[in-house]
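Encoded as structure tokens, the structure appears first; notes follow it.
2 protein chains.
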Amino acid sequence: MLQDIADKKNVEIVEVGPRDGLQNEKNVLALQDKVKLIDSLIKAGIKQIEATSFVHPKWVPQLADASELMENIRNIKGRDGVRVSVLIPNQKGFSRAMDVGVEEICLFVSASESHNQENVNMTPEDSINNFKDIIKTARSNNIRVRNIIVCAFACPFEGKVDPEAVLELANKLQELGTNEVILADTIGHANPKQVFDLFNMMQKNIEGINLSAHFHDTMGMGLANVVAALEAGIYKFDASIGGLGGCPYAPGASGNIATEELVNMLHTMGFETGIDLDRILEAVDMLEGFIGRSVQTHLKTFRATCSR
Amino acid sequence: MLQDIADKKNVEIVEVGPRDGLQNEKNVLALQDKVKLIDSLIKAGIKQIEATSFVHPKWVPQLADASELMENIRNIKGRDGVRVSVLIPNQKGFSRAMDVGVEEICLFVSASESHNQENVNMTPEDSINNFKDIIKTARSNNIRVRNIIVCAFACPFEGKVDPEAVLELANKLQELGTNEVILADTIGHANPKQVFDLFNMMQKNIEGINLSAHFHDTMGMGLANVVAALEAGIYKFDASIGGLGGCPYAPGASGNIATEELVNMLHTMGFETGIDLDRILEAVDMLEGFIGRSVQTHLKTFRATCSR
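Chains A and B supply the protein sequences, listed in that same order. Heads up: the first sequence begins at 2 in my numbering, then just goes up one per residue. Heads up: the second sequence begins at 2 in my numbering, then just goes up one per residue.
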């Protein structure tokens, strides 16, 4: 119950803005601007970053410089204490990532067949089969593996997703030796009750599973879903500065929960994140300059009003 | 726990947009536009509306037509099934309201002394003393009384508010015979843990108290706070279409939780509100025409994107 949740003092935040955020922006950022942004995130106390994606540049030109980026952030001050993750679509992307050296990869599969077909042109089962070798190689090279189940709550094509389908995928991923399973509400349609129920069901049915959550704020329910997940015992969340993000293959999807709003809520609730809110807001300011537009999170607007 | 909350199927929503929303808009709406807006809200299934305020027109010129509005909405189709409430600042405002006939009044006092001084130029104790006769007269005339404790969680001048101060005020209001006490997060600084704790504490300490909640979305925590209140057993919420609102005497305060986002969340969680979401969104469209600007709720933006 909410009464008890602040007993757990630490909540982990994975900043996914440089990947999930920037891949959805019209403006393609210069390599050096991306480095500056990641530098400012590390200075703000972010300890886990999804920095880029090794998807083919044809599909995501915004992140075509993935290898160069990994080289260029290597010497950022404080980099050693930060776990940098990269999104991997397939064996080829994994090989490119291995060439530059990575410490964590994130593999995605959709709980909805239609969305997985739209996204990677294969069934979820085929995606899982393709993960087998990747996970094996990763683990034997001391590379940590996160598996994100996208559309775990709702699909833009099929509507509500069957929890059994999510459970089945998670079970298979657990068998393959993944380090972590992320349940993602890719299109932001999940509600707090559904979030609580699904995370609860997963924990009851899969022994030792290490779960985290990835929410979008399409309907304004993002932070409400975080509260529901906290109550289900989930203490790790993906978030994106400025609430950037979306999904190019999910019509109507809007941004991730905003890192600054998540950090603010967690801190006011008594949790610790190790993140400095003021510095995160400075990173958001920097981001706005790079993407050429203002972000519209409630907190950002509030701070702008107050400093007038 | 979240597991159990949907056992309670009905949640009451009080639409406060015509009062809390419009009093913060630069554009002063024509009387007939206000009537059209209230008509569309009733058509959407809203059963409780805070329609206007009998504050002196010098302070809130936007609602100077309070008496005329009450007369003009009298014959709206479906009006009989709707409880219309009005904000009352003092004995004089109450007399004006009595002259046109009202069924429910809302009296406000701040849990923070500084804010109450700024708002009505007296101590909270003096406000309570002034309520005594009003509540007595109201009850003996079959007028229902809501008492809103503003700044119940945080004050723009004093910061975090002492729960004991809120408890003391609520106790006095209960003694005076109020029908309902609303805890308001006027500046949108409350967090879900605080919300859960304060509502719990009030219920434990004041027998038979009838509580509801009024949240603002300044930090993006509005719906998260609703979830926390639901868990504490609160099933009645103020909300404002389009997320309009604020407080002219509370720097940095932004809009109320948006009715459309609240309704959507509650419905997806399995609650019933009696409100038609599509029709509420039509009322928001109408509102945008009247106030001369677009509202920026997540849900509204989402719907606009999808219908493109």
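The beta carbon of each residue, even a glycine, is placed where N, CA and C say it ideally should be.
Since residue i contacts residue j with CB under 8 Å, what's their CB separation in whole angstroms?
{"i": "A/Leu263", "j": "A/Ile14", "result": "6 Å"}
{"i": "B/Arg20", "j": "B/Ala52", "result": "6 Å"}
{"i": "A/Val29", "j": "A/Met71", "result": "Between A/Met71 and A/Val29 the Cβ distance is about 17 Å, and since that is not below 8 Å, they are no contact."}
{"i": "B/Asn143", "j": "B/Asp186", "result": "The Cβ separation is near 31 Å, so there is no contact."}
{"i": "B/Leu224", "j": "A/Met270", "result": "About 15 Å separates the two Cβ atoms, so there is no contact after all."}
{"i": "A/Gly79", "j": "A/Arg280", "result": "About 12 Å separates the two Cβ atoms, so there is no contact after all."}
Considering only C-alpha positions, which residue in the set the options is nearest to residue i?
{"i": "A/Phe1", "options": "B/Asp286, B/Ser255, B/Ser115", "result": "Given that chain A is displayed from residue 2 to residue 309, the structure contains no residue 1 of chain A and the question cannot be resolved."}
{"i": "A/Leu245", "options": "A/Asn131, A/Glu119, A/Ile292", "result": "A/Ile292"}
{"i": "B/His217", "options": "B/Asn192, B/Glu169, B/Tyr236, B/Val285", "result": "B/Asn192"}
{"i": "A/Arg140", "options": "A/Asn257, A/Val36, A/Val103", "result": "A/Val103"}
{"i": "A/Asn73", "options": "A/Leu32, A/Phe55, A/Trp60, A/Lys133", "result": "A/Leu32"}
{"i": "B/Leu38", "options": "B/Ile77, B/Lys10, B/Val12", "result": "B/Ile77"}
{"i": "B/Phe132", "options": "B/Asn117, B/Leu108, B/Leu212, B/Gly22", "result": "B/Leu108"}
{"i": "A/Asp81", "options": "A/Glu232, A/Lys59, A/Lys44", "result": "A/Lys44"}
{"i": "B/Asn265", "options": "A/Ser241, A/Gly189, A/Ile281, A/Thr298", "result": "A/Gly189"}
{"i": "B/Met99", "options": "B/Glu126, B/Gln118, B/Glu119, B/Ala67", "result": "B/Ala67"}
{"i": "B/Phe55", "options": "B/Gly22, B/Asp40, B/Val61, B/Gly94", "result": "B/Gly94"}
{"i": "B/Phe154", "options": "B/Arg147, B/Phe200, B/Glu289, B/Pro125", "result": "B/Phe200"}
{"i": "B/Ala166", "options": "B/Asn117, B/Asp40, B/Lys194, B/Thr138", "result": "B/Asn117"}
{"i": "A/Lys27", "options": "A/Lys137, A/Gly247, A/Lys10", "result": "A/Gly247"}
{"i": "A/Gly18", "options": "A/Pro125, A/Lys194, A/Ala240", "result": "A/Ala240"}
Determine whether the beta carbon atoms of residue i and residue j lie at a separation below 9 Å.
{"i": "A/Cys1", "j": "A/Ser113", "result": "No information on residue 1 of chain A is available, as it lies outside the stretch 2 to 309 that chain A covers here."}
{"i": "A/Val296", "j": "A/Gly243", "result": "yes"}
{"i": "B/Ile235", "j": "B/Thr260", "result": "no"}
{"i": "B/Met123", "j": "B/Ala171", "result": "no"}
{"i": "A/Val182", "j": "A/Ile149", "result": "yes"}
{"i": "B/Leu42", "j": "B/Glu16", "result": "yes"}
{"i": "A/Arg84", "j": "A/Lys35", "result": "no"}
{"i": "B/Asn211", "j": "B/Asn257", "result": "no"}
{"i": "B/Asn91", "j": "B/Gln63", "result": "no"}
{"i": "B/Met220", "j": "A/Leu267", "result": "no"}
{"i": "A/Phe238", "j": "A/Val87", "result": "no"}
{"i": "B/Leu184", "j": "B/Ala214", "result": "yes"}
{"i": "A/Glu232", "j": "A/Leu3", "result": "yes"}
{"i": "B/Arg145", "j": "B/Glu105", "result": "yes"}
{"i": "A/Ile89", "j": "A/Ile135", "result": "yes"}
{"i": "B/Ala229", "j": "A/Val228", "result": "yes"}
{"i": "A/Asp198", "j": "A/Pro164", "result": "yes"}
{"i": "B/Gly22", "j": "B/Leu278", "result": "no"}
Nearer than 8 Å: is that true of the beta carbon of residue i relative to any heavy atom of the ligand NAD?
{"i": "A/Ala52", "result": "This structure lacks the ligand NAD; in fact it carries no ligand of any kind."}
Could you pull the DSSP bridge partners for residue i from this structure?
{"i": "A/Val184", "result": "It should be noted that the sequence gives Leu, not Val, for residue 184 of chain A. In the DSSP output, where bridge partners are listed per residue, A/Leu184 has A/Ile150, A/Ala214."}
{"i": "A/Lys161", "result": "A/Ala155"}
{"i": "B/Thr260", "result": "Per DSSP, none; premise fails for B/Thr260."}
{"i": "B/Val167", "result": "Partner(s): none; B/Val167 has no beta bridge."}
{"i": "B/Leu241", "result": "The question names Leu, yet the displayed sequence has Ser at residue 241 of chain B. Answer is B/Ala259, bridged to B/Ser241."}
{"i": "A/Phe109", "result": "A/Ile149"}
{"i": "B/Asn11", "result": "B/Glu273"}
{"i": "B/Ile74", "result": "DSSP output for B/Ile74 lists no bridge partner at all."}
{"i": "B/Val121", "result": "Answer is none; B/Val121 lacks a bridge partner."}
{"i": "B/Ala88", "result": "Looking at the sequence shown, residue 88 of chain B is not Ala but Leu. DSSP, once it has assigned bridges, lists B/Ser54, B/Cys107 as partnering B/Leu88."}
{"i": "A/Glu16", "result": "A/Ile50, A/Ala240"}
Next item on the list: Could you say if the stretch 206-225 of chain B and the stretch 168-188 of chain B meet the contact criterion of at least three C-beta pairs nearer than 8 Å?
Entry: At 8 Å Cβ cutoff, the stretches touch.
Check: Do three or more CB pairs link the stretch 105-120 of chain A to the stretch 141-158 of chain A at distances below 8 Å?
Finding: When C-beta atoms of the stretch 105-120 of chain A are compared with those of the stretch 141-158 of chain A, three or more pairs fall below 8 Å, so the two segments count as touching.
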